[in-house]
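Asker: Here my numbering is used: position 75 in the sequence shown is 1457, and no number is missing along the way. Just so it is clear, CB atoms sit at the ideal spot from N, CA and C, and this is done for glycine as well.
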Amino acid sequence: MQTEAQLDALADARADDARLDRMEHSIEEINARIARLAIALGISLDNEEHIASVLHAPPSEPVPVERRADRQGHGRPWGGLDRRVAHTRQELRGLIVMRYGIEKRFVDQVGAPATRQIMIDAEAHMSREGFKAGADGVDLKGLLSHA
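Rendered as structure tokens:
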């Protein structure tokens, strides 16, 4: 029969496992969105220079003429391709910055080895989903070399 202390330790271990699973799932979702946006924009995130170009690119110019038209009589505004591309680039940049912040927070909360494992597991998940290595801008080789 287990003591109360053993049961508490087991409950804590399960809570920690659930927390790590949630952390991994959130990174998987962010990475998948980053990869999809990069693919849609035709941007490769497989090296640091490409990521830096996304992060340091000046904001897009405002669309000079607000083009609004009815789409098939629905009366919905249509901003055109220029606006969609600009918004998509901004979302991509924002998600990459957010991911860096989340990674830092994970390191502060659970340590570098656990965060590295979360990132490695998330990359494995991305591979199983059909994304090529580096599509989300994560350097798996760099992560593995520090493991």
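1) Taking its Cβ as the centre, do 16 or more other Cβ atoms sit within 10 Å of V1340, making it buried, or is it exposed?
2) Quick check on V1436: does DSSP put it in helix, strand or coil?
3) For L1437, which residues in the same chain have their Cβ closer than 8 Å to its Cβ, ignoring the five residues on either side in sequence?
4) What's the gap between the Cα of R1401 and the Cα of I1433?
5) Is E1511 helix, strand or coil when you go by DSSP?
6) Would you tell me roughly how many angstroms separate the C-alpha atoms of A1515 and S1509, rounded to the nearest one?
7) How is N1530 classed by DSSP in three states: helix, strand or coil?
8) Would you tell me roughly how many angstroms separate the C-alpha atoms of L1423 and I1412, rounded to the nearest one?
9) Check whether the Cβ atoms of A1417 and D1518 lie closer than 7 Å to each other.
10) Going by C-alpha distance, which of E1473, E1386 and E1431 is nearest S1442?
11) Run through DSSP, which three-state label would S1442 get?
Answerer: Taking the structure as given:
1) Outside the displayed range of the chain (1383 to 1529) lies residue 1340, so it cannot be described from this structure.
2) Helix at V1436.
3) Contacts found: R1475, I1478 and V1479.
4) The C-alpha of R1401 lies about 29 Å from the C-alpha of I1433.
5) Coil, per DSSP.
6) Rounded to whole angstroms, the gap between the alpha carbons of A1515 and S1509 is 7 Å.
7) This structure cannot speak to residue 1530, because the chain is shown only from 1383 to 1529.
8) Roughly 17 Å separates the two Cα atoms.
9) Yes; because the gap between Cβ atoms is below 7 Å, this pair is in contact.
10) Comparing Cα positions, the closest option is E1473.
11) Annotated three-state conformation of S1442 is coil, per DSSP.
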